[in-house]
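Asks: Sequence lines, in order, name chains A and B.
So for the first sequence, full-length UniProt numbering puts the first residue at 1; every next one is plus one.
So for the second sequence, full-length UniProt numbering puts the first residue at 1; every next one is plus one.
I am attaching a structure below and will ask some questions about it afterwards.
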Amino acid sequence: MTIGSDQVVQDVQDVQEVESGEDVAERNRPVALGPEEAAALARAAGLEELGVRPGLRGYVREVWSYRHLVWHLSSAQAWATNQNNYLGQLWAVLNPLLLVGSYYLIFGLLLKTRGGTSNYIAFLTIGIFVFGYSASAIIAGSRAVVGQIGLVRALRFPRAVLPISVTLTQFLVNVPAFAVLMVMIPLTGEPFSPHWLLFPVALLLQSLINLGLAFFLARLVNAARDSANLVPVGVRLARYVSGVFFSIPHYAGHGLVSALLLYQPLAVSMTTAREALMDQYPLTWGSWVAAAVWGVVLCASGLVFFWRGEGRYGSN
Amino acid sequence: MGATDVAPDATTPSVVCSGLDIVYTVFGAKQKGTDTGGELPLVERLLARRNPVSSVRKVHAVKDVSFVVNHGEAVGIIGRNGSGKSTLLRAIAGLMPPTNGRVWAAGRPSLLGVNAVLLTGLTGAKNVMIGGLALGLTPAQVRDRYAGIVDFSGIGDFVDLPMSAYSSGMGARLRFAISTAAAPDILMIDEALATGDAEFQARSRDRIAEIRRDASTVFLVSHSNAAIRESCDRVLWMEQGRLVMDGPTDEVVRAYEQSHRKATA
């Protein structure tokens, strides 16, 4: 790096002595820092290495310390969901009601898939509202990291906060729909029952299932963007095979296929909700245990799966 | 120079970076100019078009960078567009994992980027809360500092509007106010102050000086050599992903400016 003599003359006043660009470059050459040397230096100064995944236990503790962030993020996002139109929060109630109306028209009146149900409107309403929660939680959960890249790029916090908060957001968004459901159930002629108190438990188990799926999908979609396009397809498929608007045992019999359809996590969520709210379906250990096992297993394995990708989120 | 005599532990490193390499993937990076399909026969044209289905490219943004920065130092990072300055900053902030090499840092880094908005759909007030919590404050601490943050940002009543309604300068001001409210151990500013008006820039300079007095380290990426001269006592010069010079502001900035003159001469 040689400098022309005219420039050097300009610089003399500041630098006091004439020197070539090479001297400046030489003096300011970056340090050559070997890995061992750097590690020793960092250790002596008590620095923390970046981009390194913490242990699972430490990670869980870290996530717990960010619980306030989870809550504020979720509640703010949930409130913002329906803010961009005139009827605002009213849509949280109107949307599922309109959906029930159109499904009743198609499946109740035109296709007549009401076989095996004594109170089809209650059956259908529970199916739509409960499945709707899972569907929105899964779709939003799959985009939990890539959809909030602004946060990911700007701030360092355990990324598991994102799938958790997205799941909680979808739960909060669906609370008005669940309230409507509790008003509609007695209107459809279901007798009051103490079993109704189990409905929140069913929703809790369903939330664990949703969260587990969100953990898995959020990491997959972050690693391979394209998979985000498959999630809505999968959810749509699940909508038609999970018994949202028809009774699985009535149409699929009692063989292996029926058992598989009935005990997959999304169908189990609807079964437990119907057992809690409908007279026709008595409580069965099978479905509640299945829901609990799915919830715990999916949530735990999903968290481990998501944690193993920590440090890679937002890197592309 | 500067804060080094004020900080109690100015001789201990706050950032150590060793042999840092960063390669990242860019989506939608298909090059229009290289598409020569027009001159090819039909079959080749179809094949050629089939080829870059994914349009994904690898970018080697930072190459073998090593340095040590002490507490209380203010370090400017200069270089042309695309020289890897912002990527380097994000790696030191722990937001981008190193492909090779290792980075160590003290405590909480806080990065202030060009796209200063956290959650566009939410109001400024909600962004203050969420940003503060993400920086590790408790809800009570954020509430305590809320008035100060809004005051400093000078956005007034806009704080209750969604951030999508903000001008880029307002967004940058609010983000700066949030980021500095948590007294970060390492504050990184990536061109974010360029959008603010003169009065805000003066105030943010004062705030940066204050942060440095608390022995925090400041990194500043800027294309304004004047801003670098004013706030930094040390400069890293990046060129095509490599660190070419690392030294006192005067010398490095002058050498950088001279390399410009040579390039244009």
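Every residue gets a Cβ at the ideal spot worked out from N, C-alpha and C, and that includes glycine.
1. Curious, which full-length beta strand (DSSP E) runs of at least 3 residues does the segment 188-224 of chain B contain?
2. Return the chain-ordered ranges of every alpha helix (DSSP H) run that is complete within the segment 64-94 of chain B and spans a minimum of 4 residues.
3. Identify whether Leu243 of chain B lies in helix, strand or coil by the three-state DSSP scheme.
4. For Ile155 of chain B, name the three-state secondary structure that DSSP assigns.
5. Using a Cβ-Cβ distance under 8 angstroms, would Ser301 of chain A count as near chain B?
6. In the DSSP assignment, find the alpha helix (DSSP H) that holds Thr25 of chain B and state where it starts and stops.
7. Under a Cβ-count criterion, where at least 16 other Cβ atoms within 10 Å of its own Cβ denotes burial, should Thr25 of chain B be classed as buried or exposed?
8. If the criterion is Cβ atoms closer than 8 angstroms, does the pair Ser18 of chain B and Ala45 of chain A meet it?
9. Mind checking the segment 90-111 of chain B against chain C and listing, in chain order, the residues whose C-beta falls within less than 8 angstroms of any C-beta there?
10. Does the segment 59-74 of chain B come close enough to the segment 202-222 of chain B that 3 or more CB-CB pairs lie under 8 angstroms?
11. Quick check: is the beta carbon of Asn51 of chain B nearer than 8 angstroms to any beta carbon in chain A?
12. Whose C-beta lies closer than 6 angstroms to the C-beta of Leu99 of chain A among residues of the same chain, with five residues either side of it excluded?
13. Using the rule of at least 16 other Cβ atoms within 10 Å of the residue's Cβ for burial, across every protein chain shown, is Asn229 of chain A buried or exposed?
14. Here's the rule: buried if 16 or more other CB atoms are within 10 angstroms of the residue's CB, otherwise exposed. What is Gly64 of chain A?
15. Output the boundary residues of the alpha helix (DSSP H) element that contains Ala291 of chain A.
16. I want to check one thing, is the minimum distance from the CB of Leu197 of chain A to the heavy atoms of the ligand MG below 7 angstroms?
17. Identify the contact partners of Gly51 of chain A in chain B, using a Cβ-Cβ distance below 7 angstroms as the criterion.
18. Mind checking which residues open and close the beta strand (DSSP E) that includes Pro109 of chain B?
19. DSSP three-state call for Thr81 of chain A: helix, strand or coil?
20. Is residue 269 of chain B close to chain A? Criterion is C-beta to C-beta, closer than 8 angstroms.
21. Using 10 angstroms around the beta-carbon of Pro200 of chain A, count the other beta-carbons present and answer buried if the total reaches 16, otherwise exposed.
22. Looking at C-alpha atoms only, which residue of A:Ala42, A:Arg27, A:Glu26 and A:Ala25 is the closest neighbour of Leu33 of chain A?
23. Mind reading off the beta-carbon distance from Arg274 of chain A to Ile126 of chain A? Whole number of angstroms is fine, and I expect it under 8 angstroms.
24. Spatial neighbours of Gly51 of chain A within its chain, please: CB distance less than 8 angstroms, with the 5 preceding and 5 following residues excluded, ordered by chain position.
25. With a CB to CB cut of under 8 angstroms and the five nearest residues on each side skipped, what residues in its chain are close to Leu133 of chain B?
26. Let's see if you can read the secondary structure: which residues bound the beta strand (DSSP E) around Asn100 of chain B?
27. Is Asn51 of chain B helix, strand or coil when you go by DSSP?
28. Around the C-beta of Ser284 of chain A, are 16 or more other C-beta atoms found within 10 angstroms, so that it is buried, or is it exposed?
29. Which of the three DSSP states is assigned to residue 323 of chain A in this structure?
30. Taking beta-carbon pairs under 7 angstroms, can you tell me which members of the segment 269-288 of chain A lie near chain B?
31. Quick one: what does DSSP say Arg219 of chain A is sitting in, helix, strand or coil?
32. Closer than 8 angstroms by beta-carbon distance: list the chain A residues that pair up with Ser18 of chain B, in chain order.
33. So with Cβ pairs under 8 angstroms, would you call Val252 of chain B a contact of chain A?
34. Of all Cβ atoms in chain A, is any one closer than 8 angstroms to the Cβ of Ile130 of chain B?
35. Using a 10 Å radius around the Cβ and a threshold of 16 neighbouring Cβ atoms, would you call Arg308 of chain A buried or exposed?
36. Taking three-plus beta-carbon pairs below 8 angstroms as touching, is the segment 133-142 of chain A in contact with the segment 231-238 of chain A?
Replies: Based on what the coordinates show:
1. Counting whole runs of 3 or more residues, the segment 188-224 of chain B contains the beta strand (DSSP E) stretches 217-221.
2. 85-92
3. As a working note, residue 243 of chain B is residue 243 in the second sequence. Looking at Leu243 of chain B - three-state DSSP - the assignment turns out to be strand.
4. Sequence index remark: in the second sequence, residue 155 of chain B carries index 155 (1-based). Here Ile155 of chain B sits in coil by DSSP.
5. As a position in the first sequence, residue 301 of chain A is number 301, starting the count at 1. Ser301 of chain A does not count as touching chain B.
6. Within the second sequence, the letter at position 25 stands for residue 25 of chain B. From DSSP, Thr25 of chain B is part of no alpha helix (DSSP H) but of the beta strand (DSSP E) over Pro13 to Val26.
7. The sequence position of residue 25 of chain B within the second sequence is 25, counting from 1. The residue in question, Thr25 of chain B, is exposed, as its Cβ has fewer than 16 Cβ neighbours within 10 Å.
8. Translated into the one-based positions of the second sequence, residue 18 of chain B becomes position 18. Translated into the one-based positions of the first sequence, residue 45 of chain A becomes position 45. Contact: no.
9. Although the question refers to chain C, the structure presented lacks it and instead comprises the protein chains A and B.
10. yes
11. As a first step, residue 51 of chain B is located in the second sequence; it is residue number 51 there, counting from the start. With a pLDDT of 47 at Asn51 of chain B, under the threshold of 50, the modelled position of that residue is not reliable, and the figure given next carries that caveat. Asn51 of chain B does not count as touching chain A.
12. Taking the first residue of the first sequence as position 1, residue 99 of chain A is located at position 99. Ile128.
13. Sequence index remark: in the first sequence, residue 229 of chain A carries index 229 (1-based). So Asn229 of chain A counts as exposed.
14. Against the first sequence, residue 64 of chain A aligns to sequence position 64. In the sequence as presented, Gly is not what sits at residue 64 of chain A; that position holds Trp. So Trp64 of chain A ends up on the exposed side.
15. As a first step, residue 291 of chain A must be located in the first sequence, where it is residue number 291. Residues Trp285 to Trp307.
16. Absence of the ligand MG from the depicted structure is noted, as is the absence of any ligand whatsoever, leaving it without description.
17. Here residue 51 of chain A refers to the residue found at position 51 when the first sequence is read from its first residue. Residues of chain B passing the Cβ test: Gly94, Pro97, Pro98 and Val103.
18. The sequence position of residue 109 of chain B within the second sequence is 109, counting from 1. Element bounds for Pro109 of chain B: Pro109 to Leu112.
19. As a working mapping, residue 81 of chain A is identified with position 81 in the first sequence. Looking at Thr81 of chain A - three-state DSSP - the assignment turns out to be helix.
20. Shown here, chain B extends from 1 to 265; a query on residue 269 of chain B therefore has no answer.
21. Reading the first sequence from its first residue, position 200 is the one you call residue 200 of chain A. Result: exposed.
22. Stepping through the first sequence from its first residue, residue 33 of chain A is reached at position 33. The shortest Cα separation from Leu33 of chain A among A:Ala42, A:Arg27, A:Glu26 and A:Ala25 belongs to A:Ala42.
23. Mapped onto the first sequence, residue 274 of chain A falls at position 274. Mapped onto the first sequence, residue 126 of chain A falls at position 126. About 5 angstroms; that satisfies the 8 angstroms criterion.
24. On the first sequence, position 51 is the one that residue 51 of chain A refers to. For Gly51 of chain A, where only same-chain residues beyond five positions count, the Cβ hits under 8 angstroms are Gly311.
25. As a working mapping, residue 133 of chain B is identified with position 133 in the second sequence. Once the five neighbours on either side are set aside, the close Cβ partners of Leu133 of chain B are Pro139 and Val142.
26. Residue mapping note: residue 100 of chain B aligns to position 100 of the second sequence, counting from 1. Unbroken beta strand (DSSP E) run through Asn100 of chain B: Asn100 to Ala105.
27. As a working note, residue 51 of chain B is residue 51 in the second sequence. Only weak support is given to the placement of Asn51 of chain B: the predicted model assigns it a pLDDT of 47, under 50, and the question is left unresolved by the model.
28. In the first sequence, counting from the first residue as 1, residue 284 of chain A sits at position 284. A small correction: the amino acid at residue 284 of chain A is Thr; Ser does not occupy that position in the sequence shown. Exposed.
29. In the structure as shown, chain A begins at 1 and stops at 316. Residue 323 of chain A is therefore absent and cannot be evaluated.
30. none
31. On the first sequence, residue 219 of chain A is found 219 positions in, with the first residue counted as 1. Three-state DSSP puts Arg219 of chain A in a helix.
32. The sequence position of residue 18 of chain B within the second sequence is 18, counting from 1. Correct list: Leu33, Gly34, Pro35, Glu37, Ala38 and Ala39.
33. Numbered from 1 along the second sequence, position 252 holds the residue referred to as residue 252 of chain B. So yes, Val252 of chain B belongs to the interface.
34. Taking the second sequence and counting its residues from 1, one reaches residue 130 of chain B at position 130. Yes, Ile130 of chain B lies at the interface with chain A (some Cβ there is under 8 angstroms from its Cβ).
35. The residue you call residue 308 of chain A lines up with position 308 of the first sequence. Exposed, since its Cβ has fewer than 16 Cβ neighbours within 10 Å.
36. yes
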